[in-house]
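**Q** Let me begin by handing over the structure; questions about it come next.
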């Protein structure tokens, strides 16, 4: 029986939360410290060679983290009371930073969820011929927030964005609304996603005129 190696795709905002302690990962489920589920992570198939390379990279990263922790240990016994005051102040600052980071992570998760829901609703309505100005307007707002968040977190749009882009391009073409936007390949792993704002603006205008 063949064994399929898999890896978990961890978005940048999730990794940041795990590193800072605001998020906990158990398998493919990510929760906050209160136990609330923040996100279900996607699995990515790996061949044996990729799995071995990934394992080696993880070992190297773990060693670097351990070395950094050893090199930056505080000489509490030498500094005595001064060290205690410094650490206490640092704990207060760290707690505030963690709360702020946790809030940003929650915000990112909400933005990503909103985009996924809006995209799913758009795809369903477009395939059924029931697209409305309300659905397009929500898709516009969700896309703008998601796109801005991607820039903030320095992450690429997800696979749903790529599929949505191609579907919108086809829908606009069929309805005489084709825009001269950058061409993309047919690869399902192509991470290049053009700004969907022009597609959506054209749809909104057309649907408003025919309403």
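Residue numbers (our numbering): 4 to 214. We put the CB at the ideal spot given by N, CA and C, even for glycine.
Three or more beta-carbon pairs under 8 Å between the segment 145-153 and the segment 193-208, yes or no?
**A** Result yes; three or more Cβ-Cβ pairs closer than 8 Å.
**Q** Just to confirm, is the Cβ distance from residue 44 to residue 35 under 8 Å?
**A** Cβ distance not < 8 Å, so residue 44 and residue 35 don't count as in contact.
**Q** Apart from the five residues on each side of it in sequence, which residues of its chain come closer than 7 Å, Cβ to Cβ, to residue 157?
**A** Cβ within range, chain order: 15.
**Q** Within 10 Å of its beta-carbon, does residue 111 have 16 or more other beta-carbons around it, so buried, or fewer, so exposed?
**A** Buried, because 16 or more other Cβ atoms sit within 10 Å of the Cβ of residue 111.
**Q** Taking the Cβ atom as the reference point for each residue, do residue 17 and residue 42 lie within a distance shorter than 8 Å?
**A** Yes, these two residues count as a Cβ contact at 8 Å.
**Q** Need the endpoints of the alpha helix (DSSP H) that residue 203 sits in, please.
**A** 200-213 is the extent of the alpha helix (DSSP H) around residue 203.
**Q** Near residue 75, which residues of its chain fall below 8 Å by C-beta distance, leaving aside the five closest residues on each side in sequence?
**A** Here the model assigns residue 75 a pLDDT of 49, short of 50, so the residue's position is not dependable and the matter cannot be decided.
**Q** Using CA atoms only, rank isn't needed, just tell me which of 114, 116, 29 and 209 is closest to residue 177.
**A** Comparing Cα positions, the closest option is 209.
**Q** Report all residues from its chain with a CB closer than 7 Å to the CB of residue 21; omit the five preceding and five following residues, and keep chain order.
**A** So the list reads 28, once near-sequence residues are dropped.
**Q** My assumption, with CB atoms under 8 Å, is that residue 175 sits in contact with residue 206. Please give the rounded CB distance.
**A** Contact holds; Cβ gap of about 7 Å.
**Q** I believe residue 167 touches residue 122 by the beta-carbon criterion, under 8 Å. Please report the beta-carbon distance rounded to the nearest angstrom.
**A** That pair is a contact at about 5 Å.
**Q** Within the same chain, show all residues whose beta-carbon is closer than 7 Å to that of residue 182, passing over the 5 residues directly before and after it, in chain order.
**A** Closer than 7 Å at Cβ, skipping near neighbours: 175, 201, 202 and 205.
**Q** Which of the three DSSP states is assigned to residue 26 in this structure?
**A** Three-state result, residue 26: strand.
**Q** Are the Cβ atoms of residue 140 and residue 118 separated by less than 8 Å?
**A** No, these two residues do not count as a Cβ contact at 8 Å.
**Q** Measuring straight from C-alpha to C-alpha, what distance separates residue 132 and residue 211?
**A** Their Cα atoms are separated by approximately 15 Å.
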